[in-house]
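Chemist:
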Amino acid sequence: MQTLEGIVTVVQEGRFLLTTDDGRTQLLVLSYAAAAEPAQLAALQRAQSRVRVACTPAPDQIGWVARRVDLLDAAA
Amino acid sequence: MPVTAEGSVQTVHVHPRARDYPGSFLDGVIPQEAELTCGTRIEPGKSYGFFTDTTLCIGCKACEVACKEWNALPADQIGFTGMSYDNTGGLSANTWRHVAFIEKRGPTGTRQTDQAAFQSGWLMMSDVCKHCHNAPCLEACPTGALFRTEFDTVVVQQDICNGCGYCVPACPFGVVDLNPLDGKAHKCTLCYDRLKGGLEPACAKACPTDSIQFGEVPVLQARAEARVEQLQQLGVAGAHLYGAPEGEGATGGLGHLNAFFLLTERPETYGLPPAPTRPANRVAPGLLAGLATMAGLAVTALALLGGRR
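Same order as they appear, the protein sequences are chains D and B.
Heads up: the first sequence begins at 1 in my numbering, then just goes up one per residue.
Heads up: the second sequence begins at 1001 in my numbering, then just goes up one per residue.
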């Protein structure tokens, strides 16, 4: 499982864009098994919080499946 | 101001409000921007939809890209489909606009080798959720996740959807799809978030030929009827509407489709059902058939048991 760190910049339903420290943007889908709800993503985006996302490649898609989202600062 | 080849000055229609925003960089979102981009003021309580004129579609797929960009939908179906320029294959949980490429065939079922001048052997159509007036997906949803918005569109509330999938077979057009990664149903929202901000939906705004037109449904219906008449006068005898009130595509109690189409061939050619129906229409006949079967079995059982005594 890969880990990405960065800021949630765009949220649509359970999908979000994570801009990593090196400036790249990754598209992720929040897994049904993740301990987070799509409604929580919007709050992370508004607060521009730094998060760590454990993810795996999405099958037959250009994107990732977020399995776990951890808050790295207390801004949110 | 543009000048025509004959040297006369051509008048270009510009909305008066457009003069308020002469710069390229703006401080924020333009209030009621849709008024400038498509002449439609977006207000809750009115009915909004799409009119897709397939005769104007050039298959550029700007609508597909705009939809994926705005809604943060991932590219899927990676690989070569073998279906011309069609690389998405169909509507899915991650593809809410799909441009179909259909090569016309002659009477013998093979490709025609001779064509009239300036005519193409290809049909192109940007398919989308129809936002039915009587939406079967909405009727089938047991949790109320599918709801009708203040703009008369049909949207899935992601925090309410439990992924039961009842809406998937209920849709007569095969639009709604479950995403196995997040376990929820997805479909076009007619850019609900953009409508709330006074913006034209992304696909219609991106369409370079105005094949996809956004507006109030009654206005679009009148415009579509005028376009059919114009095309028929130009010799396109097959031009007709799919999804107009109680017409083809809006059969079986659907009422009308808020996203309707102008076609030049039979709907089956485009992969659209010729006579879609609401599954709810079959509940009463199904229940009566079940009750009749039960009654028949009970009578038979009584007759057999009575005969033994």
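Glycine included, each C-beta is placed from N, C-alpha and C at the ideal position.
Consult DSSP for Pro1002(B) and reduce its assignment to one of helix, strand or coil.
Modeler: Taking the first residue of the second sequence as 1, we reach residue 1002(B) at position 2. Confidence at Pro1002(B) is low in this model, with a pLDDT of 49, below 50, so the placement of that residue should be treated as unreliable; the coordinate-derived value is given next. It is coil, neither helix nor strand.
Chemist: Evaluate contact between the segment 57-71 of chain D and the segment 1066-1078 of chain B, counting only Cβ atoms and requiring at least three cross-stretch pairs below 8 Å.
Modeler: Of all C-beta pairs linking the segment 57-71 of chain D to the segment 1066-1078 of chain B, three or more are shorter than 8 Å, placing the two stretches in contact.
Chemist: Mind checking the segment 1044-1078 of chain B against chain D and listing, in chain order, the residues whose C-beta falls within less than 9 Å of any C-beta there?
Modeler: Trp1070, Asn1071, Ala1072, Leu1073, Pro1074, Ala1075, Asp1076, Gln1077 and Ile1078
Chemist: Would you call Leu1304(B) buried or exposed, if buried means 16 or more other Cβ atoms sit within 10 Å of its Cβ?
Modeler: The sequence position of residue 1304(B) within the second sequence is 304, counting from 1. Leu1304(B) should be labelled exposed.
Chemist: Which of helix, strand or coil does DSSP assign to Arg1097(B)?
Modeler: Walking along the second sequence from the start, residue 1097(B) turns up at place 97. Arg1097(B) falls in the coil class under three-state DSSP.
Chemist: Of all the CB atoms in chain D, is at least one closer than 8 Å to the CB of Gly1183(B)?
Modeler: For this step, residue 1183(B) is matched to residue 183 along the second sequence. Yes, contact with chain D.
Chemist: Just to confirm the assignment, what range does the alpha helix (DSSP H) spanning Asp1193(B) have?
Modeler: Position 193 of the second sequence, counted from the start, is the residue given in the question as residue 1193(B). Segment Tyr1192 to Lys1196, the alpha helix (DSSP H) holding Asp1193(B).
Chemist: Pick helix, strand or coil for Glu1216(B), following the three-state DSSP scheme.
Modeler: Here the question's residue 1216(B) lines up with position 216 in the second sequence. The answer is strand: DSSP assigns Glu1216(B) an E or B state.
Chemist: In the DSSP assignment, what are the bridge partners of His1186(B)?
Modeler: Numbered from its first residue, the second sequence carries residue 1186(B) at position 186. Asp1177(B).
Chemist: Measuring alpha carbon to alpha carbon, tell me which residue in His1133(B), Leu1234(B), Val1099(B) and Ala1275(B) is nearest Pro1218(B).
Modeler: Position 218 of the second sequence holds residue 1218(B). Closest option to Pro1218(B), Cα to Cα, is His1133(B).
Chemist: Which of the three DSSP states, helix, strand or coil, is assigned to Arg52(D)?
Modeler: Here residue 52(D) refers to the residue found at position 52 of the first sequence. For Arg52(D), the secondary structure class from DSSP, reduced to helix, strand or coil, is strand.
Chemist: Could you compute how far the alpha carbon of His1240(B) sits from the alpha carbon of Asn1094(B)?
Modeler: For the purposes of this step, residue 1240(B) is identified with residue 240 of the second sequence, where counting begins at 1. For the purposes of this step, residue 1094(B) is identified with residue 94 of the second sequence, where counting begins at 1. Distance between the alpha carbons of His1240(B) and Asn1094(B): 30 Å.
Chemist: Within 8 Å of any Cβ in chain B, is that where the Cβ of Gln48(D) sits?
Modeler: The count along the first sequence starts at 1 and reaches residue 48(D) at position 48. Cβ-Cβ to chain B under 8 Å: no for Gln48(D).
Chemist: Any Cβ of chain D within less than 8 Å of the Cβ of Gln1158(B)?
Modeler: In the second sequence, counting from the first residue as 1, residue 1158(B) sits at position 158. Interface residue, yes.
Chemist: Leaving aside the five residues before and after Asp1210(B) along the sequence, list all residues of the same chain whose C-beta is less than 8 Å from its C-beta, in chain order.
Modeler: To locate residue 1210(B), count along the second sequence from 1; it is residue 210. Hits under 8 Å: Asp1053 and Leu1056.
Chemist: Which residues in the same chain as Ala33(D) place their Cβ atom closer than 8 Å to its Cβ, once the five residues preceding and following it in sequence are excluded?
Modeler: Counting from one through the first sequence, the residue named residue 33(D) turns up at place 33. Cβ within range, chain order: Arg67.
Chemist: At the level of alpha carbons, what is the spacing between Ala1062(B) and Asp1086(B)?
Modeler: Sequence index remark: in the second sequence, residue 1062(B) carries index 62 (1-based). Sequence index remark: in the second sequence, residue 1086(B) carries index 86 (1-based). Roughly 13 Å separates the two Cα atoms.
Chemist: CA-CA distance, Leu71(D) and Glu5(D)?
Modeler: In the first sequence, residue 71(D) corresponds to position 71, counting from 1. In the first sequence, residue 5(D) corresponds to position 5, counting from 1. If you take the alpha carbons of Leu71(D) and Glu5(D), they lie about 10 Å apart.
Chemist: Comparing C-alpha positions only, which one of Cys1141(B), Leu1036(B), Thr1149(B) and Leu1091(B) sits nearest to Ile1160(B)?
Modeler: The residue labelled residue 1160(B) in the question sits at position 160 within the second sequence. Comparing Cα positions, the closest option is Cys1141(B).
Chemist: Using a Cβ-Cβ cut-off of 8 Å (strictly less than) and excluding sequence neighbours within five positions of Asn1124(B), which residues of its own chain qualify?
Modeler: Mapped onto the second sequence, residue 1124(B) falls at position 124. Going by the sequence as given, residue 1124(B) is Met instead of Asn. These residues qualify, in order along the chain: Thr1054, Cys1057, Ile1058, Gly1059, Val1099, Ala1100, Phe1101 and Ile1102.
Chemist: Give the DSSP bridge partners of Met1294(B), in chain order.
Modeler: Working through the second sequence from its first residue, we reach residue 1294(B) at position 294. None, per the DSSP bridge assignment.
Chemist: What span of residues does the alpha helix (DSSP H) with Gln2(D) cover, start to end?
Modeler: The residue given as residue 2(D) occupies position 2 in the first sequence. First-last for Gln2(D): Gln2 to Gln12, but that is the beta strand (DSSP E), not the alpha helix (DSSP H).
Chemist: Indicate whether Leu44(D) and Leu28(D) have their beta-carbon atoms separated by less than 8 Å.
Modeler: Translated into the one-based positions of the first sequence, residue 44(D) becomes position 44. Translated into the one-based positions of the first sequence, residue 28(D) becomes position 28. Result no, Cβ atoms of Leu44(D) and Leu28(D) do not sit closer than 8 Å.
Chemist: List the residues of chain D whose Cβ lies closer than 8 Å to the Cβ of Asn1094(B), in chain order.
Modeler: As a working note, residue 1094(B) is residue 94 in the second sequence. Those are Gln61, listed as they occur along chain D.
Chemist: Can you give me the start and stop residues for the alpha helix (DSSP H) that Arg46(D) sits inside?
Modeler: Taking the first residue of the first sequence as position 1, residue 46(D) is located at position 46. Note, Arg46(D): alpha helix (DSSP H), Pro38 to Ala47.
Chemist: Taking just the CA atoms, how far does Ala1034(B) sit from His1015(B)?
Modeler: Here residue 1015(B) refers to the residue found at position 15 of the second sequence. Here residue 1034(B) refers to the residue found at position 34 of the second sequence. Between His1015(B) and Ala1034(B), the C-alpha separation is close to 11 Å.
Chemist: Could you check the C-alpha separation between Ala1237(B) and Gln48(D) for me, to the nearest Å?
Modeler: Residue numbering aside, residue 1237(B) sits at position 237 when the second sequence is read from its first letter. Residue numbering aside, residue 48(D) sits at position 48 when the first sequence is read from its first letter. Cα-Cα distance, rounded: 57 Å.
Chemist: Quick check on Tyr1166(B): does DSSP put it in helix, strand or coil?
Modeler: Position 166 of the second sequence, counted from the first residue, corresponds to residue 1166(B). DSSP places Tyr1166(B) in coil when its eight states are reduced to three.
Chemist: Which of the three DSSP states is assigned to Thr1300(B) in this structure?
Modeler: Counting from one through the second sequence, the residue named residue 1300(B) turns up at place 300. Helix.
Chemist: Is the Cβ of Gln26(D) closer than 8 Å to any Cβ of chain B?
Modeler: The residue you call residue 26(D) lines up with position 26 of the first sequence. Chain B contact via Cβ: absent.
Chemist: Alpha helix (DSSP H) containing Val1065(B): first to last residue?
Modeler: By one-based count along the second sequence, residue 1065(B) stands at place 65. Taken as a continuous stretch (DSSP letters only), the alpha helix (DSSP H) holding Val1065(B) covers Ala1062 to Asn1071.
Chemist: Leaving aside the five residues before and after Val1029(B) along the sequence, list all residues of the same chain whose C-beta is less than 8 Å from its C-beta, in chain order.
Modeler: Residue mapping note: residue 1029(B) aligns to position 29 of the second sequence, counting from 1. Gly1197, Gly1198 and Leu1199.
Chemist: Counting C-beta neighbours from all protein chains within 10 Å, is the total for Gly1144(B) 16 or more, i.e. buried, or is it exposed?
Modeler: Sequence index remark: in the second sequence, residue 1144(B) carries index 144 (1-based). Looking at its Cβ environment, which holds fewer than 16 other Cβ atoms inside 10 Å, Gly1144(B) is exposed.
Chemist: At what residues does the beta strand (DSSP E) containing Thr1037(B) begin and finish?
Modeler: Translated into positions along the second sequence, residue 1037(B) becomes position 37. Here Thr1037(B) belongs to no beta strand (DSSP E); instead the alpha helix (DSSP H) covers Ala1034 to Cys1038.
Chemist: Hey, out of Thr1110(B), Ala1206(B) and Leu1254(B), whose CA is closest to Trp1070(B)'s CA?
Modeler: Within the second sequence, residue 1070(B) is the residue found at index 70, counting from 1. Here the closest residue by C-alpha is Ala1206(B).
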